[in-house]
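Anchor point for the sequence shown: position 33 equals 51 in the numbering used here, and the numbering is continuous, going up by one each time.
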Amino acid sequence: VLRGLPQPDCVFIGGSTGNLPEILREILQKNPCVRIVLNAISLETVVQAVQCVEHFRLTDVDIAQVSVAKSHPSGGHKLMQAQNPVYVISGYGPYEGSD
Numbered sequence: 019v020l021r022g023l024p025q026p027d028c029v030f031i032g033g034s035t036g037n038l039p040e041i042l043r044e045i046l047q048k049n050p051c052v053r054i055v056l057n058a059i060s061l062e063t064v065v066q067a068v069q070c071v072e073h074f075r076l077t078d079v080d081i082a083q084v085s086v087a088k089s090h091p092s093g094g095h096k097l098m099q100a101q102n103p104v105y106v107i108s109g110y111g112p113y114e115g116s117d
């Protein structure tokens with residue numbers, strides 16, 4: 019993912035296709051103190067992200083759930099319809115060589 023790119027100081031992961039541990043390992047090897055922000059829409063990804071946070075010993079971790087509702091017309095009124103929540107997970111290295 020990062021081959022040929024300079025050392026990142028901040029990385030946003032918008033999707034991992036189930037490869038989050040491998041992605042994080044590569045990022046943290048490039049910069050052990052990098053700031054990482056990732057989005058998750060499924061509970062499985064949230065669980066995997068929390069496991070990675072613990073495994074890679076990320077620090078200053080914050081998890082926020084963002085909910086959005088969009089208006090749609092209904093019988094002359096505008097009703098708000100909830101959209102699926104998005105989880106935003108952020109933290110910093112250090113990466114200490116955990117596998």
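Every residue gets a Cβ at the ideal spot worked out from N, C-alpha and C, and that includes glycine. All values derive from a computational prediction rather than experimental measurement.
HIS95 versus SER34 - alpha carbon distance
Within the model, the alpha-carbon separation for HIS95 versus SER34 is close to 39 Å.
Give every residue of the same chain whose Cβ lies closer than 8 Å to the Cβ of SER116, excluding the five residues on either side of it in the sequence, and list them in chain order.
Low confidence applies to SER116: its pLDDT is 49, below 50, so where it sits in the model is not reliable, and the reading given next is rough at best. Counting only Cβ-Cβ distances below 8 Å, and skipping sequence neighbours, we find HIS73, PHE74 and ARG75.
Cut-off 6 Å between Cβ atoms - residues of its own chain near GLY32, not counting five sequence neighbours on either side
For GLY32, where only same-chain residues beyond five positions count, the Cβ hits under 6 Å are ASN57.
ALA67, buried or exposed, once every other Cβ within 10 Å from all chains shown has been counted against 16
By the 10 Å Cβ count, ALA67 comes out buried.
Residue burial classification, ILE59 (beta-carbon count within 10 angstroms, cutoff 16):
An exposed status is given to ILE59, since fewer than 16 other beta-carbon atoms sit within 10 Å of its beta-carbon.
What residue range does the alpha helix (DSSP H) around PRO112 cover?
Per DSSP, PRO112 belongs to no alpha helix (DSSP H) and is neither H nor E.
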